[in-house]
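There are 2 protein chains.
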Amino acid sequence: MAEHTTDVNTITITFPDKHQRTYPAGTTGYEIASDISGRLANDALSITLNETVMDLDLPVRESGNIRINTWETNDGKMTFWHSSAHLLAEAVEALYPGVKLGIGPAIEQGFYYDIDFGDHAVSTEELPAIEKKMIELARSKSEYVRREISKDEAVNHYKKKEDPYKLDLLNELEDGTITFYTQGNFTDLCRGPHIPHTGKVKAVKLLSLAGAYWRGNSDNKQLTRIYGISFPKQKMLDEYLHMLEEARKRDHKKLGKELGLYMIDSMVGSGLPIWLPNGTVLRRSLEAFLRDEQINRGYQEVITPHIANLKLYETSGHYPYYKDSQYDPIQVDDEQYMMKPMNCPHHHRIYAREMHSYRDLPIRLSEFGTVYRYEQSGELNGLSRVRGFTQDDAHIYCTHDQLKEEIKNCIDLTQYVFSIFDMPVDIRLSFRDENEKKFGGKSEYWERAQREIREVADEMGLDYTVAEGEASFYGPKIDFIIRDAIGRKWQLGTVQLDYVMPERFDLTYMGSDNQKHRPVIIHRAPFGSMERFTSILIEHFAGNFPLWLSPLQVALLPVSDLFNAQANSYAKRLREAGIRAKVDDRSEQIGLKIREAETAKTPYMFVIGKREQENQTVSVRRHKTGDLGTFAFDEYLDKLSHEIKNRHLPDNIQ
Amino acid sequence: MAEHTTDVNTITITFPDKHQRTYPAGTTGYEIASDISGRLANDALSITLNETVMDLDLPVRESGNIRINTWETNDGKMTFWHSSAHLLAEAVEALYPGVKLGIGPAIEQGFYYDIDFGDHAVSTEELPAIEKKMIELARSKSEYVRREISKDEAVNHYKKKEDPYKLDLLNELEDGTITFYTQGNFTDLCRGPHIPHTGKVKAVKLLSLAGAYWRGNSDNKQLTRIYGISFPKQKMLDEYLHMLEEARKRDHKKLGKELGLYMIDSMVGSGLPIWLPNGTVLRRSLEAFLRDEQINRGYQEVITPHIANLKLYETSGHYPYYKDSQYDPIQVDDEQYMMKPMNCPHHHRIYAREMHSYRDLPIRLSEFGTVYRYEQSGELNGLSRVRGFTQDDAHIYCTHDQLKEEIKNCIDLTQYVFSIFDMPVDIRLSFRDENEKKFGGKSEYWERAQREIREVADEMGLDYTVAEGEASFYGPKIDFIIRDAIGRKWQLGTVQLDYVMPERFDLTYMGSDNQKHRPVIIHRAPFGSMERFTSILIEHFAGNFPLWLSPLQVALLPVSDLFNAQANSYAKRLREAGIRAKVDDRSEQIGLKIREAETAKTPYMFVIGKREQENQTVSVRRHKTGDLGTFAFDEYLDKLSHEIKNRHLPDNIQ
């Protein structure tokens, strides 16, 4: 392994695991990757050198930190999709000669290209032919060739091509910074970087068409935007399309409406969900579950108002610094009030209400606290992106000596909570970048806390990643990323240490040395927001909630009016046992009653006819499973109580 | 009984029960009262004729509605206390010759007089002597004699007396409207009315002294305000003073702080209570109790946002008509939002979300919904007068045919709820005044509803009063007035019919006739507001809550560190049974631990020593009662579970 050197003809490359190697200046990213392993070189799509993404075959002339970007990394995917956009443009030019091209970037999931098809109105039926052409061009394994070019030459190129959009873009570029990329017969004005060759693209799906004004300005011409996604393996595309289809079926906005969980009403307000009766049962069940669990773990619940004097947020520093995401203050007499953007300062004031001894700590204050944050109306989305939401918030005030134990408790609670929903949790420890100095709190606290967080994670046998430079200004944090039933990842609650607010709110405790000390604060919220978590839960279970969360748990279906009395008597018994039960006493066919209960995703149906009445039994149907047989009513009631109490997952999540 | 007549020499008097009598014009109130009964004439203090309160001995010259005001009526008390203020002034003039008098009105509880004592600074120690003088003067049974007087004569009177304040008052009066009242040696410029003679005043207590600027203007001289209260019986004063003392001890602001129930923090905001851990347990227990009871009675819970688009309140008509009690709107993009002043319109929009059949009705939507209403800062008071509070709100949407049953259910729920707290409920049916035309909804609906409300009240065997003219614009209502442990009355939840909002929100249901109909809405809230009800509950129980509401239910007190483990093991068992238990494991004397648990009003204390550990028993102490003896732990756990489940009242409310 090479030593760090200052020789101008060599460069020192630092890898993510901190090990370093030296290379002659001008070594390419591909060569560096090959030096690690042939396989890595083969999988590499680009490199990131000192936070700049570069082509693999570009000579590296400066020392620094390197990451070799494969498909598994975000930078790798972005390179892959950007190159796929070029491939799309090449295919379109080949099939529709004379089209004019706008821009074609990678996006979070795939890529698009804005294209002027002239008089031709492209339809989605034409997309398969374009996909086919893209795959054909990909198979030729054309290299993406980078060329630096003078502005004059670039302008001439596009004048000859009569492409007004690229000429418009060139207007804003300076000579000496312009590059072209060419693969096969296609050349594009582009800053790069790109993957080595088109052959890496093994599977393509063009997803949709949309109109897009040039430069987003409605005075300009509307181009056709083609959205697509591509993968290095056909199997990945298949899985992605399956996931898309599943996500469509599970869409919480669709299910939320069908199952009567929530509504958004323009007269009440955009981004302000109303929890309907079924959704309220679900939410109250989640709250009760977490509340009980928190009480068991020594939390104390509080309730604070939804508005607060501006002074509070000036003290915390949230105002005016986070002004853009907050609503305008409301004048009340000679004071200004604000819809609260967070619960923390309220809890800090509760802590500050009385003097605490070290013996009283830790103090764990929890609240289902509603906060308001401005979101642009275009970004609002069902329950997942809203303007008012309720956090399952808590703040733990503890001594530095208690920190390790408290972090352990927080991680344990979070893991326990998500295990109940069968959601695997990935853990990321977000630490500060040692070179970055802009952090609150003493350095020794940070070091101790980061060491202890690692120790806790190791002692608990966690599989975790460490993200340096991802800590907040206030302190290190632990992020939890859960995976849902169709493999999507969602970042939910964090555990966040805070060395700053104890200072700002002058929070103290009396130590065993009879001196005042600052406590550390831990902010934590396993669900994050009741609204967003519920949206994920709806999609995770596709609306087929575990029994304990189901708004209606048992539908009692008498086969005729003759058995309504028996059904009502069963329903009463179920309700007395705390089971949510309802009789469908309409004079309808039993088949229709069953179908409607299935559509409503009611977990259990009790069919009641002559035999059931005589024997005090019920014919049980399970949603999605069908007939389970006939059981003594009492026995089945006990079974359901047990299933609810133990929060069993349904056998049929998928 | 006399008939109505138009004879100019006779007047027709209508009594509250609608019966009428005619009298010669000029008959006095006293004579009219005597015509009813000698006892009534003896108890009478004044009359109210066509909403004007008058002296008993004044000739009545016009026909109209009469009420004979005894001590039991509000007008009667006001007359009594106003006359007592004159008695106070007479006593002060006798004891402190040369004092100058300001004004002396009756107030909600008693009366005051503003007096300029010149250079003398009156102290509270002088008040008993004044009280004594008042009683002495009262015993002389001086009549309050009314005299109409010209402005000139009145001005001369006060010029001679050198009284600048009365002269200032006279400035604003017009000749021909001025009256003097004289009792004994004291004459006052006064509009009246007064009681017949001072002898009615049997008991007096001067309560406090305060400074009061003449006419409330700080540029003027500060007078001495003497507050007092008086009664027609000594026993009433004794009871009142006892109640005052009890109220002082029970003050929810004092107990709220001592018991850690809530705090008001100027940095968070005036009138915005923060529920501390103990208060949150209490509130959550109340909510859970009512929620369960409501679920049993077919309510569905919803959760709506704390803000809403102004359009919603423009539709309901609450904006701009109730603008003064609402906070200023908040601009969000091109819309205006408001902190919600009520939950109703949100629920109406939920109802309007889908088409309803008559078979779906009644629909009962409930919410613990927080609303915001502006109150002047001087009027804010602990939990009882706040700027944001949570209503235990619900709206019932039903057909006219279902109304009677639903009203019955609402009354039954309210009575049940207050019976749990041992709070007797007085019921007032507030109907419209038939002569008053300004009401929403069809007249036939009103008549039917008022008839049915009466029928329900009679069928339920309720003891109720009817208040005509007290209905709201929207519909008739039922008010519930509860009495607390020290006899104070509080108006809490109402049941309010509403014929207007179904029109404004265009709410309909499909009837059995396949036509659209308007539902009726019932608004109801037994507690009214969680904040205000909690303030009443704290004072009602003097903080000695029933076990099910107590924030901490059992304090485990090991007699020494040796028994901490046993105490913790018991505490774990209690918590598993859902009982809130805490171990006092400090190395302190058992006497101190018991005293502190008593001060914290912890209902049960389990003392644990050697014998208890060996026998698996506990020594039980009950708050305020003391030692109950030694019991097997398991047995006592069951007893407490039973006491909680059945919401037993403590034996020692007082």
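Chain order of the listed sequences is A and L.
Numbering of the first sequence is given in our numbering, commencing with residue 1 and proceeding in unit increments.
Numbering of the second sequence is given in our numbering, commencing with residue 1 and proceeding in unit increments.
We put the CB at the ideal spot given by N, CA and C, even for glycine.
The C-alpha of residue 283 of chain A is placed about 38 Å away from the C-alpha of residue 448 of chain A.
Counting the other Cβ atoms within 10 Å of the Cβ of residue 589 of chain L gives fewer than 16, which makes it exposed. Listed in chain order, the alpha helix (DSSP H) elements of length 4 or more contained wholly in the segment 543 to 596 of chain L are 564 to 576. Against chain A, the beta carbon of residue 311 of chain L has neighbours under 7 Å at 267, listed in chain order. Taken atom to atom, the span from the alpha-carbon of residue 395 of chain L to that of residue 294 of chain L is near 12 Å.
Taking the C-beta atoms as reference points, residue 98 of chain A is found no nearer than 8 Å to residue 114 of chain A. For residue 261 of chain A, the closest Cβ of chain L is not nearer than 8 Å.
Put simply, the backbone Cα of residue 504 of chain L is about 52 Å away from that of residue 554 of chain L. With contacts defined by Cβ atoms closer than 8 Å, residue 188 of chain A and residue 89 of chain A form a contacting pair. One finds 302, 303, 304, 305, 346, 349 and 350 in chain A with Cβ atoms closer than 8 Å to the Cβ of residue 274 of chain L, taken in chain order. In this structure, DSSP gives residue 516 of chain A an extended state, which the three-state scheme calls strand. Taking 8 Å as the threshold, the shortest C-beta distance from residue 17 of chain L to chain A does not fall below it.
The segment 312 to 323 of chain A and the segment 465 to 482 of chain A do not touch, with fewer than 3 CB-CB distances between them shorter than 8 Å. For the C-beta of residue 504 of chain A, not a single chain L residue is nearer than 9 Å; the gap to the nearest is close to 12 Å. Taking residue 119 of chain A as reference, the option from A:109, A:131, A:100 and A:105 with the minimal CA-CA separation is A:100. Sequence-ordered contacts of the segment 128 to 148 of chain A with chain L are nonexistent [C-beta pairs closer than 9 Å].
Below 8 Å, enough C-beta pairs join the segment 21 to 30 of chain A and the segment 46 to 62 of chain A to call them touching: three or more. Separation of the CB atoms of residue 619 of chain L and residue 602 of chain L is rounded to 15 Å, and the pair is thereby denied contact status at 8 Å.
In chain order, 252, 253, 256 and 535 place their CB closer than 7 Å to the CB of residue 382 of chain A, counting only its own chain and leaving out the 5 sequence neighbours on each side. Nearest to residue 171 of chain A by C-alpha distance, out of A:186, A:181 and A:153, is A:153.
Setting aside the 5 residues that flank it on each side, residue 472 of chain A is surrounded in the same chain by 496, each with a C-beta closer than 7 Å to its C-beta; the list follows chain order. Against chain A, a Cβ distance below 9 Å from residue 83 of chain L picks out nothing, because the smallest value is about 39 Å. Interface annotation, residue 332 of chain L: in contact with chain A, CB-CB separation under 8 Å. In the structure shown, residue 613 of chain A adopts helical secondary structure according to DSSP, grouped into three states. If only complete runs of 3 or more residues are kept, the segment 313 to 395 of chain A shows the beta strand (DSSP E) at 330 to 332, 335 to 339 and 363 to 372, in order along the chain.
Under the Cβ criterion of 8 Å, residue 319 of chain L is not counted among the residues facing chain A. No Cβ-Cβ contact shorter than 8 Å links residue 53 of chain L with residue 11 of chain L. When Cβ pairs closer than 8 Å are counted between the two stretches, the segment 548 to 562 of chain L is seen to touch the segment 629 to 645 of chain L, the count reaching three or more.
Residue 71 of chain A is not a Cβ neighbour of residue 111 of chain A, given a cutoff of 8 Å. Every alpha helix (DSSP H) of 4 residues or more that sits fully in the segment 491 to 542 of chain A is shown, in chain order, as 501 to 504 and 530 to 541. Residues of the segment 31 to 50 of chain A with a Cβ closer than 7 Å to any Cβ of chain L: none.
By alpha-carbon distance to residue 323 of chain A, the top candidate from A:86, A:341, A:335 and A:306 is A:341. Per DSSP, reduced to three states, the secondary structure at residue 203 of chain A is strand.
Residue-level contact check: residue 510 of chain A does not touch chain L, since none of the beta carbons of chain L fall below 8 Å from its beta carbon.
Not a single CB atom of chain L sits nearer than 8 Å to the CB of residue 248 of chain A.
Proximity of the segment 134 to 149 of chain L to the segment 197 to 210 of chain L meets the contact definition, three or more beta-carbon pairs being nearer than 8 Å.
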